[in-house]
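For reference, the structure discussed in these notes is given below.
Residue numbers (the working numbering), protein chains in the order written: chain A, 1 to 368; chain B, 1001 to 1368.
As C-alpha cells, this is what we get:
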C-alpha cells in the first residue's frame, strides 16, 4: 500500500447565509490552489466532491469551474460522514497506485437535505436528530449520573475554542449558565447543546509520497483508517454507546500501530454535547465512566486537546464539509500551524466523524 | 497493486414500472447472494451504491436491508457513469489492500433526476440530452456522410440483440423502416434512436485474488482502467468525437497492456445511435471514418461483438445501474455464460460508460 499524505487544504467561513453549492465548492478549492506551492490544475488526477446536496454531476462542474480535467471525478454521499468517506476513497485511489493526487472538496448549504432520515417511516414525527440525541442524553444521565452542568461544559468548551477559529460559525463565548438556561428543544436537550447545520466548504489535497515533496515541506500522513456501518436505523443502537465508533477506532489504531494514549489531539463528532462525552470513552481517549470528568479537566486547564477548532457545536456543521474540515484542523495542528488553537508538540492526531445517531462511523489517524 | 476480480453479480429486469429505490437495490443484491457460492453477509467488507436518486444514506439502508455490516459504505454519483465510477472506487479499495471484498449496487427508477443538466442555465430550454445527441448526429452526417439508414442499423441491431437478454427493457424486433419512420423528436433524432430511462438495478461483487477462489471457479479480472472528465458543459466538445472516451480508452489499453484489436466483446454507451458510431472509432475498435460500415457488417453477419445485451437502446438505461449492468454482461461473456448472446471464445472484454454528452468517460478492460 502506497503512503498517502495531506499536502494542501482550504476552508471557507462557516455561515448561516444560503450560498449556491457550486460557489461553496469553488471557494475552498481556490484556497487550496492559492496556498499550495507548485500546484497547477494539470497536477490534479482526481476530484471527489462530498455533499448531501441533490444537484448532480457536481464533481465535473467543480472541475470545469476550477480548470481541472481530472481522471477520477464523482460525488460521495453518506450523510454527516460524507467527508471522511470521500477522504478514504481518495486515499484508496492513491494507495492502490491508480493516481498520484486527489482533491477532495466537501460542501453543504443551509437548508440542504441530509439532516433528517426521510426514509425511516417507523420514526413518525420523531425523525429529526434531536430525538436520538435526547435518547442518548437521557441514557447517559441514567447510566453515568451525568449532570446538566457536565453536558453544558462540552458546549461551553467548544464554543470557547471556536473563538480562535476564524472560520467558525459561532464566535459567542457562552457561559455555563447561558448554556444550561438555553431553550429546551426536548426534555433532555437544550438548543445550545446542538451543532448548527450551516453553509460551508472544506477541501484537502492528497498525494503520494513522491508528489507530496513537490507541494509541501510538511506532509501529514494518513496512517490509520477505520470505518463501520452497523445499520441505518437507530433502533439497533445500544445506549449510550457509539458501537460503530468503537469498531472503527480499533481498526484505525491497529492500522496506525499506535495506542489511543498516543493521540495528542482529536476532532470528535460532537453533533450534540452528549456525543463528545460518549466519543472520548468509545475511542478510549479516557477510561470508561470518566468521560464527563475528563472533559471537565480539559476545560478547567484550558487544554484544547479535544475539538480545538470548536467542534461541530462551535464551528458549525455543513454536513459534507465537516469531515474534511476536521482533517484540516488535525493537519494544521500536526504542522504546528494552528495559531492560537495550537496544541504543543502534537505528533499524532485523530478524526472521528459519524452519521445518523452513530449508526456508522469513521476514525482516521494522522501523523506528522 | 493487488489484482481485483468480479466474482458475483445480479440483475433485475429493466422496466418502465416506478419502483422504490430501496426495493431495486435490494433485489439485485439478493441475486448476488442467491448465485454466489460461499457468500455470506459477514464476508462483504464494502457496500457502494451507485445512483442518481436523491435519497440519502442509501448504502447504509441497503446494508441494513440485506443484513450486511460493512466497513466502507457510501453512495457514488456521476450521472450516467455513476456505475463505473462506483466499480473503480470498489476496485481501488481492494487494490490498495484496505478491504478484501466490495459489493457495488447501482439502481435508478423511472422519473429519477440525472437526465437533464439542471445547473446549466446557458442551455435554456435545450438542456435535455436529445439536443446534444442531435448536434452530434448532425455533425456525424456532415463529416462522415452518415445516412439515416446507417443510424437506424445501430438501433435495429441493439433492439434485436436485446431480444436474447431476459432483463432487457425492450423485446421488440424493430425493422430498419420502423426505426427510420419512428417519430422525430428533433430534426436529426428519431425516438427509436434514443435509449430509454427506466427502472432497474445491477450488482457486482469484487474481491481480491485470494477471496475470488472462494466465490467462483471463474473470476474475471479488471485489467485496465481509464477515466477522463473534460468538462461539465457540452460547449467544450469537438463534434462528432468523444474526446474523453479517447483518453480513457488509451489509459485503459495501456494499463491492461493490450491492443484495441484484441478486444473480443464490448459494451458501448449507446445513449443514442450516433454514440455507438462515434465510440467504435474513438475506442479504436475500427478505423477512423469506418464506424457505420463496421456496424453494418456486424449486423449483416449477425456478429454480436458490440453491445450483445442490447446496449442502452435495447436493454434500457436506468442511469446508476447501467455501468454495472455492462460489467455483468462482459463478465458473463468471458465466463462463457452469456447463453444465446454468447460471443465464441471471448478472452478480453471492454466496458465504455459516459456522462453528459461524453464530457466524461470511463473505459474498463476485463479478462478471463
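Built from N, CA and C at the ideal position, the CB exists for glycine as well.
In the DSSP assignment, find the alpha helix (DSSP H) that holds residue i and state where it starts and stops.
i: residue 1369 of chain B; result: Here chain B covers residues 1001 to 1368 and nothing more, so residue 1369 of chain B does not appear.
i: residue 332 of chain A; result: 319 to 334
i: residue 296 of chain A; result: 291 to 300
i: residue 59 of chain A; result: 58 to 66
i: residue 1093 of chain B; result: 1082 to 1095
i: residue 1345 of chain B; result: That residue, residue 1345 of chain B, is in no alpha helix (DSSP H); it is neither H nor E in DSSP.
I need the boundaries of the beta strand (DSSP E) containing residue i, first residue and last residue.
i: residue 353 of chain A; result: 348 to 355
i: residue 1049 of chain B; result: 1046 to 1050
i: residue 127 of chain A; result: Premise fails: residue 127 of chain A is in no beta strand (DSSP E) and is neither H nor E.
i: residue 159 of chain A; result: Segment 148 to 162 is the alpha helix (DSSP H) holding residue 159 of chain A; no beta strand (DSSP E) there.
i: residue 73 of chain A; result: 72 to 77
i: residue 106 of chain A; result: 101 to 108
i: residue 1184 of chain B; result: 1184 to 1186
With 16 other CB atoms within 10 Å as the buried threshold, where does residue i fall?
i: residue 67 of chain A; result: exposed
i: residue 1308 of chain B; result: buried
i: residue 181 of chain A; result: exposed
i: residue 1077 of chain B; result: buried
i: residue 1142 of chain B; result: exposed
i: residue 56 of chain A; result: buried
i: residue 191 of chain A; result: exposed
i: residue 159 of chain A; result: buried
i: residue 1018 of chain B; result: exposed
i: residue 32 of chain A; result: buried
i: residue 1101 of chain B; result: buried
i: residue 1301 of chain B; result: exposed
i: residue 111 of chain A; result: exposed
i: residue 35 of chain A; result: exposed
i: residue 1281 of chain B; result: buried
i: residue 1090 of chain B; result: buried
i: residue 1369 of chain B; result: Here chain B has residues from 1001 to 1368 only, and residue 1369 of chain B is not among them.
i: residue 41 of chain A; result: exposed
i: residue 1372 of chain B; result: In the structure displayed, chain B extends from 1001 to 1368; residue 1372 of chain B sits before or after that span and is not available.
From residue i to residue j, what does the alpha carbon distance come to, in whole angstroms?
i: residue 1193 of chain B; j: residue 1130 of chain B; result: 10 Å
i: residue 1092 of chain B; j: residue 1223 of chain B; result: 12 Å
i: residue 275 of chain A; j: residue 187 of chain A; result: 17 Å
i: residue 293 of chain A; j: residue 135 of chain A; result: 21 Å
i: residue 217 of chain A; j: residue 198 of chain A; result: 33 Å
i: residue 105 of chain A; j: residue 113 of chain A; result: 18 Å
i: residue 1204 of chain B; j: residue 1212 of chain B; result: 13 Å
i: residue 273 of chain A; j: residue 1001 of chain B; result: 43 Å
i: residue 99 of chain A; j: residue 1003 of chain B; result: 16 Å
i: residue 1334 of chain B; j: residue 1037 of chain B; result: 19 Å
i: residue 1028 of chain B; j: residue 259 of chain A; result: 41 Å
i: residue 5 of chain A; j: residue 1096 of chain B; result: 15 Å
i: residue 337 of chain A; j: residue 1165 of chain B; result: 60 Å
i: residue 1296 of chain B; j: residue 1243 of chain B; result: 24 Å
i: residue 262 of chain A; j: residue 290 of chain A; result: 18 Å
i: residue 115 of chain A; j: residue 80 of chain A; result: 8 Å
i: residue 118 of chain A; j: residue 255 of chain A; result: 35 Å
i: residue 1240 of chain B; j: residue 1157 of chain B; result: 22 Å
i: residue 1064 of chain B; j: residue 1251 of chain B; result: 37 Å
i: residue 108 of chain A; j: residue 318 of chain A; result: 5 Å
i: residue 1315 of chain B; j: residue 1220 of chain B; result: 22 Å
i: residue 1174 of chain B; j: residue 364 of chain A; result: 56 Å
i: residue 1246 of chain B; j: residue 1324 of chain B; result: 21 Å
i: residue 1312 of chain B; j: residue 1169 of chain B; result: 9 Å
i: residue 1009 of chain B; j: residue 1202 of chain B; result: 8 Å
i: residue 229 of chain A; j: residue 305 of chain A; result: 27 Å
i: residue 1124 of chain B; j: residue 1234 of chain B; result: 13 Å
i: residue 1257 of chain B; j: residue 1367 of chain B; result: 11 Å
i: residue 177 of chain A; j: residue 152 of chain A; result: 8 Å
i: residue 286 of chain A; j: residue 1332 of chain B; result: 53 Å
Examine chain D for any beta-carbon lying closer than 8 Å to the beta-carbon of residue i, and answer yes or no.
i: residue 1057 of chain B; result: Judged by its chain identifiers, the structure shown contains no chain D, and its protein chains are A and B.
Could you please give me the residues that DSSP links to residue i through a beta bridge?
i: residue 1010 of chain B; result: B:1203
i: residue 1228 of chain B; result: B:1361
i: residue 306 of chain A; result: A:266
i: residue 190 of chain A; result: A:184
i: residue 221 of chain A; result: A:5 and A:367
i: residue 272 of chain A; result: A:194
i: residue 1388 of chain B; result: There is simply no residue 1388 of chain B to check, as chain B begins at 1001 and stops at 1368 in what is shown.
| said: For the structure I just gave you, are there three or more beta carbon pairs, one from the segment 1041 to 1052 of chain B and one from the segment 1072 to 1091 of chain B, closer than 8 Å? | reply: The segment 1041 to 1052 of chain B vs the segment 1072 to 1091 of chain B: in contact.
| query | So, do the segment 1338 to 1355 of chain B and the segment 1265 to 1272 of chain B have three or more beta carbon pairs nearer to each other than 8 Å? | reply | Counting Cβ pairs under 8 Å, three or more are found: they touch.
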